[in-house]
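Visitor:
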Amino acid sequence: MKLAPKDLYQTLEFDKILEITESYCYGTLGKDYFRNLIPSTEASQIERWLLEVFEYTQTYENNHNFPMSNYASIGEDLKMLSIEGYVLSVESLRNVAKTLLVCYDIYGFFSKRKSTKTLYPTLYDIIRIADFDKELLSEIQRVIDEEGNIRPNASPELLRIARMQNSKRQELDKKFRQIIVHYQSKGWLKDNKESFRNSRRVLSVPSERKRQVRGIIHDESASGKTVFIEPEGVIDLNNDIFDLERDYQREIYRILRDLSNLLRPYIDQLQQYENIIVRFDTIQAKTQLATQLDATKPKVMLTPHYKIRNVIHPLLALKNKTAGVKTVPFHLHFKKDTRILVLSGPNAGGKSVCMKAIGLVQLMLQSGMLIPANEGAEMGIFEQIFADIGDQQSLEDELSTYSSRLQNARFFMENANDKTLILIDEFGSGTDPKMGGAIAEAILRDLNRKKAFGVITTHYSNLKVFAFENKGLINGSMIFDKDSLSPTYQMKMGKPGSSYAFEIATKSGLPNQVIGYARRKVGKQNHNLDEILVDLQRERQKAVEAHEQVLEHQKRLDQLIKNYESAFRELEFARKKLKLQIKEQELVETEKTNKELQKVLRELKTSSNKEKAAQKAKTLLEQSQIERKKITDDVNAVKEGIYEVYEQADDGVIEVGSYVKLRSGGGMGIVKEIKRKEAKVEMGNLNLMVKLRDLQLIKNPILSQQTAIVKTDTLSKKAHFEPKIDIRGMRYEDALERIQEFMDNALMASANEVRIIHGKGSGALRKVVTKKLREYKNIVRSYHPEPHQGGNGMTIVELG
Numbered sequence: 001m002k003l004a005p006k007d008l009y010q011t012l013e014f015d016k017i018l019e020i021t022e023s024y025c026y027g028t029l030g031k032d033y034f035r036n037l038i039p040s041t042e043a044s045q046i047e048r049w050l051l052e053v054f055e056y057t058q059t060y061e062n063n064h065n066f067p068m069s070n071y072a073s074i075g076e077d078l079k080m081l082s083i084e085g086y087v088l089s090v091e092s093l094r095n096v097a098k099t100l101l102v103c104y105d106i107y108g109f110f111s112k113r114k115s116t117k118t119l120y121p122t123l124y125d126i127i128r129i130a131d132f133d134k135e136l137l138s139e140i141q142r143v144i145d146e147e148g149n150i151r152p153n154a155s156p157e158l159l160r161i162a163r164m165q166n167s168k169r170q171e172l173d174k175k176f177r178q179i180i181v182h183y184q185s186k187g188w189l190k191d192n193k194e195s196f197r198n199s200r201r202v203l204s205v206p207s208e209r210k211r212q213v214r215g216i217i218h219d220e221s222a223s224g225k226t227v228f229i230e231p232e233g234v235i236d237l238n239n240d241i242f243d244l245e246r247d248y249q250r251e252i253y254r255i256l257r258d259l260s261n262l263l264r265p266y267i268d269q270l271q272q273y274e275n276i277i278v279r280f281d282t283i284q285a286k287t288q289l290a291t292q293l294d295a296t297k298p299k300v301m302l303t304p305h306y307k308i309r310n311v312i313h314p315l316l317a318l319k320n321k322t323a324g325v326k327t328v329p330f331h332l333h334f335k336k337d338t339r340i341l342v343l344s345g346p347n348a349g350g351k352s353v354c355m356k357a358i359g360l361v362q363l364m365l366q367s368g369m370l371i372p373a374n375e376g377a378e379m380g381i382f383e384q385i386f387a388d389i390g391d392q393q394s395l396e397d398e399l400s401t402y403s404s405r406l407q408n409a410r411f412f413m414e415n416a417n418d419k420t421l422i423l424i425d426e427f428g429s430g431t432d433p434k435m436g437g438a439i440a441e442a443i444l445r446d447l448n449r450k451k452a453f454g455v456i457t458t459h460y461s462n463l464k465v466f467a468f469e470n471k472g473l474i475n476g477s478m479i480f481d482k483d484s485l486s487p488t489y490q491m492k493m494g495k496p497g498s499s500y501a502f503e504i505a506t507k508s509g510l511p512n513q514v515i516g517y518a519r520r521k522v523g524k525q526n527h528n529l530d531e532i533l534v535d536l537q538r539e540r541q542k543a544v545e546a547h548e549q550v551l552e553h554q555k556r557l558d559q560l561i562k563n564y565e566s567a568f569r570e571l572e573f574a575r576k577k578l579k580l581q582i583k584e585q586e587l588v589e590t591e592k593t594n595k596e597l598q599k600v601l602r603e604l605k606t607s608s609n610k611e612k613a614a615q616k617a618k619t620l621l622e623q624s625q626i627e628r629k630k631i632t633d634d635v636n637a638v639k640e641g642i643y644e645v646y647e648q649a650d651d652g653v654i655e656v657g658s659y660v661k662l663r664s665g666g667g668m669g670i671v672k673e674i675k676r677k678e679a680k681v682e683m684g685n686l687n688l689m690v691k692l693r694d695l696q697l698i699k700n701p702i703l704s705q706q707t708a709i710v711k712t713d714t715l716s717k718k719a720h721f722e723p724k725i726d727i728r729g730m731r732y733e734d735a736l737e738r739i740q741e742f743m744d745n746a747l748m749a750s751a752n753e754v755r756i757i758h759g760k761g762s763g764a765l766r767k768v769v770t771k772k773l774r775e776y777k778n779i780v781r782s783y784h785p786e787p788h789q790g791g792n793g794m795t796i797v798e799l800g
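Under the UniProt record's numbering, the letters of the sequence shown match residues 1 to 800, in that order.
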């Protein structure tokens with residue numbers, strides 16, 4: 001990422017954000033990361049960083065305590081360990097053990113709860129690069145205790161030596177006390193009877209008695225009045241203890257050598273463990289900052305873009321939070337073809353704070369930090385950030401403030417492109433206002449042509465007019481309370497702001513005659529320019545809003561026409577369906593004729609006048625056949641008409657907005673959202689998640705409000721779905737229709753299990769149920785319950 005000037009971090013105070021974040025780190029390596037942090041320009045990397053921090057914030061909300069703790073750097077130790085024969089010190093092994101222990105806890109966080117892997121997938125991906133080898137930790141812990149000291153039982157030989165040392169010390173202590181009692185009784189010892197010299201236990205003897213005490217003189221006091229003598233009776237014991245100490249150190253070295261040899265093949269793995277810990281350390285540090293700022297994760301756009309609400313300056317927010325003061329937020333939304341905000345308003349009104357906040361938040365985003373703004377923010381990625389803020393006078397280069405600013409402007413124009421963010425404070429100031437304003441306008445014109453993004457603050461009216469007249473720029477203002485003559489620190493996009501110089505001068509106590517003279521010098525025309533700009537901006541805004549309203553009305557009109565056409569098709573469908581229902585009812589009536597015919601036939605068998613009964617039966621039969629054929633033809637005709645409405649699409653893919661029907665059951669709806677291999681389908685008042693493979697693309701759909709009228713009974717049953725039906729006694733066709741309606745409602749109601757009571761009887765209805773269920777792919781299994789629960793007279797269906 002290209003930044004200018006070189007001290008941009010200090011200019012925008014991003015260095016302070018990094019210092020605060022660094023203070024939250026547990027180890028020096030995490031701190032080093034923030035000291036050398038360079039924002040990224042890769043969208044995928046930034047998105048991953050943000051997801052890591054966002055998921056870590058979720059561990060707080062879910063009360064899942066992530067096990068981060070202090071750790072030490074082991075990089076140099078691992079580098080030395082790579083040298084064959086090199087032996088790590090106890091302190092180095094202690095640091096390696098701490099690294100392994102922290103890493104063990106991190107791996108344990110994801111293994112103890114199964115849910116953590118799915119709740120925090122991005123965090124879990126960090127540890128996927130290496131499996132944790134617990135044996136390495138066990139081996140080190142076998143040698144080094146929790147406090148970082150060598151365990152006395154690190155080896156059998158070490159334990160043996162330690163026991164001998166303890167025995168010899170006890171023997172020495174006993175012998176030394178006897179000698180002290182002997183010489184003390186003779187008055188040959190000083191008040192502080194004993195001491196240590198050269199790691200040997202010695203007596204403190206007055207100089208005049210040194211010939212009376214037999215032993216080795218190790219030292220004498222600075223005054224020469226006291227000599228320190230190792231008595232003859234303990235010399236051998238002290239020698240034994242000294243030899244055992246050397247044996248003890250040799251055994252420790254051997255243990256450390258063996259442990260170093262054990263770890264040497266795992267250098268790369270240990271380095272990975274350290275990298276994992278540092279990664280989590282930096283993530284938790286960013287999370288703590290995000291928590292302090294109530295920050296959120298924005299949507300990352302691939303190209304430069306701003307759509308953020310209630311954004312605040314991070315450092316100001318932290319300061320105000322400590323003082324218990326509310327920080328005033330602002331909104332920033334660059335609509336289509338708008339890239340540069342010309343921000344004006346009174347001094348000390350908050351212009352510079354807003355401008356710096358934008359640059360600071362951008363650096364935070366591209367460094368993988370959550371931003372202090374409302375949820376739903378959208379921000380793009382910049383490859384360059386340039387800033388010209390504050391007094392940049394250079395005594396070394398003999399440049400005035402204005403000359404320095406012109407050099408910056410030249411650099412900006414030479415290097416700016418459509419992926420550059422430019423921040424300029426008090427644009428054009430530092431020289432004669434007229435000439436400075438003209439040069440500033442020319443520079444702004446060039447930057448706009450290069451399609452750079454930016455925020456500039458200014459008091460110059462010509463820049464406000466330029467922003468008003470040219471595409472790509474928009475005016476903005478800091479709102480000023482005219483009544484109290486004080487700034488509100490609120491930013492408003494769309495209109496320029498006034499400097500309120502005379503109002504502020506009046507409030508500051510300047511004499512009226514001074515202010516009056518100034519007003520006359522400025523002149524009425526210049527004084528009214530800001531007001532004219534505000535009025536023009538207001539009129540333009542009204543025109544834009546009116547245009548948007550017309551577009552909205554046109555959009556609604558197009559939708560109404562579409563709804564009308566859909567409603568007309570649906571009405572035709574409803575008419576045909578109603579006709580079908582009537583014809584089907586007539587078919588039911590023919591059944592009564594059939595029953596009457598059966599009655600006549602029975603009478604024929606018992607009647608004395610068989611010729612008369614036969615004639616009557618013949619007449620009824622002919623009438624029944626004619627009516628049944630007519631009704632059947634009508635039903636088929638209506639069905640064909642209805643099927644035309646549901647004509648299947650020949651080709652195409654299912655996408656958002658497509659009209660589809662369920663492959664099993666025939667329910668119809670519109671696709672509202674697609675997630676991987678599933679689609680969210682709106683069916684009437686219901687929203688269902690359905691696998692794409694279970695949907696069929698259709699055309700000429702009927703989905704308007706009349707559908708709800710035609711299928712009122714179905715929707716009512718769906719809203720109050722009863723997961724059980726009884727089809728006992730039904731005819732074959734009636735049972736098929738009833739089962740289909742029941743299963744469709746079950747699917748739309750997302751039922752997990754349903755029951756179909758068909759009775760035992762001849763088994764015909766059970767076969768009907770089995771046949772119909774084969775049409776549904778959403779069935780996990782179907783079975784008959786235990787005999788006491790219905791047995792073969794009931795089928796239980798489990799739905800997936």
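Quick reminder that beta carbons are idealized off the backbone N, C-alpha and C, glycines included.
Beta-carbon within less than 6 Å of TYR120's beta-carbon, same chain only, minus the 5 sequence neighbours each way: which residues are those?
Guide: If we look at TYR120 and ignore the five residues flanking it on each side, its Cβ neighbours are GLU55.
Visitor: Cβ of PRO231 within 8 Å of Cβ of LEU203?
Guide: Contact flag set, yes.
Visitor: If I'm right that PRO39 touches LEU363 with Cβ under 8 Å, what's the distance once you round it to whole angstroms?
Guide: Right, their Cβ atoms sit about 6 Å apart.
Visitor: What residue range does the beta strand (DSSP E) around ASP726 cover?
Guide: Segment 724-726, the beta strand (DSSP E) holding ASP726.
Visitor: Give the single residue among ARG519, ALA295, ILE582 whose Cα lies nearest to the Cα of LEU318.
Guide: The shortest Cα separation from LEU318 among ARG519, ALA295, ILE582 belongs to ALA295.
Visitor: List the whole-angstrom C-beta distance separating ASN310 from ALA373, where the pair is believed to meet the contact cut-off of C-beta under 8 Å.
Guide: Rounded, the Cβ-Cβ distance is 6 Å, consistent with contact.
Visitor: By Cβ distance, which residues of its chain are closer than 6 Å to ASN792, with the 5 residues on each side in sequence left out?
Guide: Closer than 6 Å at Cβ, skipping near neighbours: LYS760, HIS784.
Visitor: How would you write the range of the alpha helix (DSSP H) that SER115 sits in, first residue to last?
Guide: 115-119 is the extent of the alpha helix (DSSP H) around SER115.
Visitor: How many angstroms separate the CA atom of ARG445 from the CA atom of ARG676?
Guide: Roughly 46 Å separates the two Cα atoms.
Visitor: Which class does ILE389 belong to by DSSP, given the choice of helix, strand or coil?
Guide: Here ILE389 sits in coil by DSSP.
Visitor: With 16 as the cutoff for other CB atoms within 10 Å, does MET435 come out buried or exposed?
Guide: Answer is exposed; the Cβ neighbour count stays below 16.
Visitor: Note down, one range per segment and in chain order, each alpha helix (DSSP H) of at least 4 residues found wholly within the segment 745-784.
Guide: If we require 4 residues or more, the alpha helix (DSSP H) runs fully inside the segment 745-784 come out as 764-773.
Visitor: With contact counted as at least three CB pairs below 8 Å, one residue from each stretch, are the segment 316-334 and the segment 401-416 in contact?
Guide: In short, these stretches do not touch, since the Cβ pair count stays below three.
Visitor: From the DSSP output, in three-state form, read off PRO156 for me.
Guide: In the structure shown, PRO156 sits in a helix (DSSP, three-state: H, G or I).
Visitor: Helix, strand or coil for VAL328 per DSSP?
Guide: Three-state result, VAL328: coil.
Visitor: Take the Cβ of LYS286 as the centre, count every other Cβ of all protein chains shown within 10 Å, and call the residue buried at 16 or more, exposed below.
Guide: Counting Cβ neighbours within 10 Å, LYS286 comes out buried, since at least 16 surround it.
Visitor: Would you kindly check if the distance between the Cβ of PRO487 and the Cβ of TYR460 is under 8 Å?
Guide: Contact: no.
Visitor: Give the DSSP-derived three-state secondary structure of GLU678 in the structure shown.
Guide: In this structure, GLU678 counts as strand in the three-state DSSP scheme.
Visitor: Evaluate the contact criterion for the segment 298-312 versus the segment 67-75: three or more CB pairs, one atom per stretch, below 8 Å.
Guide: No contact exists between the segment 298-312 and the segment 67-75.
Visitor: Taking the alpha-carbon positions, what's the ASN320 to GLN58 distance?
Guide: Distance between the alpha carbons of ASN320 and GLN58 is about 26 Å.
Visitor: Given this structure, state the Cα-to-Cα distance separating residue 812 from ILE229, to the nearest angstrom.
Guide: In the structure displayed, the chain extends from 1 to 800; residue 812 sits before or after that span and is not available.
Visitor: Roughly how many angstroms separate the alpha carbons of VAL205 and LYS225, rounded to a whole number?
Guide: Each residue's Cα considered, the two are about 9 Å apart.
Visitor: Need the endpoints of the alpha helix (DSSP H) that TYR402 sits in, please.
Guide: Here the alpha helix (DSSP H) through TYR402 covers 401-415.
Visitor: Give the C-beta separation of VAL797 and LEU773 to the nearest angstrom, bearing in mind that I take them to be a contact with Cβ-Cβ under 8 Å.
Guide: Confirmed, Cβ separation roughly 7 Å.
Visitor: Can you give, in chain order, each stretch of the beta strand (DSSP E) that sits fully within the segment 449-500 and has at least 3 residues?
Guide: Fully enclosed beta strand (DSSP E) runs of 3 or longer: 453-457, 473-481, 486-493.
Visitor: Can you tell me whether DSSP reads ILE129 as helix, strand or coil?
Guide: Looking at ILE129 - three-state DSSP - the assignment turns out to be coil, as it is neither helix nor strand.
Visitor: When you compare the CB positions of GLU61 and LEU123, do they come within less than 8 Å of one another, or not?
Guide: In this structure, LEU123 does not lie closer than 8 Å to GLU61 by Cβ.
Visitor: I'd like the list of long-range same chain contacts for LYS351, defined as Cβ closer than 7 Å, with 5 residues on each side in sequence excluded.
Guide: Answer for LYS351: LEU343, GLY345, THR457, MET478, listed in chain order.
Visitor: Grab me the residues of PHE412's own chain with a C-beta within less than 7 Å of its C-beta, minus the 5 sequence neighbours each way, in chain order.
Guide: Same-chain partners within the cutoff: PHE386, ILE422, LEU447.
Visitor: Per DSSP, PHE196 forms a beta bridge with which residues?
Guide: PHE196 pairs with ARG201.
Visitor: Grouping DSSP H, G and I as helix and E and B as strand, with all else coil, what is PHE228?
Guide: Strand.
Visitor: Considering only C-alpha positions, which residue in the set GLN10, VAL768, SER750, LEU158 is nearest to ILE739?
Guide: It is VAL768 whose Cα lies nearest to the Cα of ILE739.
Visitor: Assign GLN549 to one of three DSSP states: helix, strand, or coil.
Guide: Here GLN549 sits in helix by DSSP.
Visitor: Could you tell me the distance, in whole angstroms, from the CA atom of SER403 to the CA atom of GLY430?
Guide: In a straight line, the C-alpha of SER403 is about 9 Å away from that of GLY430.
Visitor: Going by DSSP, what residue range makes up the alpha helix (DSSP H) through ARG693?
Guide: Element bounds for ARG693: n/a, residue is neither H nor E.
Visitor: How many angstroms separate the CA atom of residue 865 from the CA atom of LEU137?
Guide: The requested residue 865 does not occur in the structure, where the chain is confined to residues 1 to 800.
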